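Reviewing the structure listed below.
In the numbering used here, the protein residues as written are 152 to 497.
Shown next as structure tokens:
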């Protein structure tokens, strides 16, 4: 009997690492940040995260059962979506919001395109964008002061900013006060005092003693998880470096309400969702470029959009929307950043 040969498209060399291995490794890398959120915000952070995971897994299973496709919930990708969606919401939101957001992200950000590997947008960010558009009040006001949190002493005298996120204080109190021509000298001095107090306490942002969404507050715990993935060679360092670096430079130049070149860079990069977005969402294998040059372009584009939205947009934060917008540009980036074939010349 003749030997059988199988012909398939490239790649023909296997690394021996499966999609399931990569996805569950990402879940493991997110555990330090999850534990940190439980410490800072209590068990509510864990319940909201579990509800997000349940919403993502169940919605993916239901779609696949209805469409009579094999179940893929065991590969871990839906679990990642649920965790990241929960990481992007305030800890004080109603219990149903992570369920709705994760389900929407899975169904309309992943399954309608054919499942994992076919989705052009990050499903967790699709779910967050839906929640932000549908319930903006809950998504921008349901903050919980962290255990041992750092609210500047002057802020305790100002009800409008007590317990708010650092970027929220920067835009909605300090920025508006310094830009108001009718603001009293006392209020201007108060705003500057709050601003400089936040700059001086940037270490609280690094460790997580600040208000914010569930998974973004502790930069050090996010970095620990990212380093693990970097060592396992499951992520590329180029996107986070170009993303954070570009945002830091533009933030330093334009980000301060006091004027150009006055922003504290460490405060800028550790506040808000920049670390979470750059380390765990912009690096998503499916929705980021496949070329080396393309990853630099993608990261720089995310950094530019983040800085622009933070400074001149309506929301204090711009990371999620910057990544979604650059996700849409990935096919073009890939097309124009492909290396030339060996021996090929135009």
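Think of the CB as a built atom: it goes at the ideal place given N, C-alpha and C, for glycine as much as any other residue.
Please read these numbers as outputs of a predicted model, since none were measured by experiment.
Rounded straight-line distance, which links the Cα of residue j to that of residue i
i	j	result
residue 128	residue 417	Residue 128 cannot be examined here, being either before or after the span of the chain that is shown, 152 to 497.
residue 317	residue 296	12 Å
residue 201	residue 233	8 Å
residue 251	residue 344	40 Å
residue 223	residue 364	29 Å
residue 281	residue 255	8 Å
residue 311	residue 171	With a pLDDT of 44 at residue 311, under the threshold of 50, the modelled position of that residue is not reliable, and no figure is offered here.
residue 428	residue 491	31 Å
residue 208	residue 264	17 Å
residue 460	residue 403	14 Å
residue 334	residue 375	43 Å
residue 484	residue 456	16 Å
residue 498	residue 412	Residue 498 lies beyond the range of the chain shown here (152 to 497); nothing can be said about it.
residue 446	residue 332	43 Å
residue 410	residue 326	10 Å
Proximal residues to residue i (C-beta, below 8 Å), its chain only, five neighbours per side dropped
i	result
residue 498	This structure cannot speak to residue 498, because the chain is shown only from 152 to 497.
residue 330	408
Burial state of residue i (16 or more Cβ within 10 Å)
i	result
residue 257	buried
residue 246	exposed
residue 269	exposed
residue 467	buried
residue 354	exposed
residue 168	exposed
residue 204	buried
residue 218	exposed
residue 241	buried
residue 185	buried
residue 253	buried
Any non-hydrogen atom of the ligand SAM within 7 Å of residue i CB
i	result
residue 179	Within the structure as shown, the ligand SAM is missing, as the structure has no ligands at all.
Own chain, CB closer than 6 Å to residue i, minus 5 neighbours either side, in chain order
i	result
residue 452	477
residue 220	none
residue 357	370, 371 and 421
residue 93	Absent from the model: residue 93. The displayed extent of the chain is 152 to 497, so no value can be given.
residue 481	440
Expected contact under 8 Å - CB spacing of residue i and residue j to nearest Å
i	j	result
residue 473	residue 440	The pair is not a contact, with the Cβ atoms about 15 Å apart (cut-off 8 Å).
residue 431	residue 235	7 Å
residue 391	residue 433	7 Å
residue 206	residue 249	6 Å
residue 397	residue 454	3 Å
Sequence-distant residues of its chain with Cβ nearer than 7 Å to residue i (five each side left out)
i	result
residue 399	416, 419 and 420
residue 388	381
residue 275	232, 235, 236, 239, 256 and 432
Indicate whether the contact test is met: 3 or more Cβ pairs, each with one atom in the stretch 375-387 and one in the stretch 273-287, closer than 8 Å.
Under the 8 Å Cβ criterion, the stretch 375-387 does not count as touching the stretch 273-287, having fewer than three qualifying pairs.
Within 8 Å, do at least three Cβ pairs link the stretch 333-341 to the stretch 420-437?
By the Cβ rule, the stretch 420-437 does not count as touching the stretch 333-341, because fewer than three pairs are nearer than 8 Å.
Whether or not the stretch 226-245 and the stretch 168-178 are in contact is what I'm after, with contact meaning three or more pairs of Cβ atoms, one per stretch, closer than 8 Å; do they touch?
Contact between the stretch 168-178 and the stretch 226-245 is present: three or more C-beta pairs spanning the two stretches fall below 8 Å.
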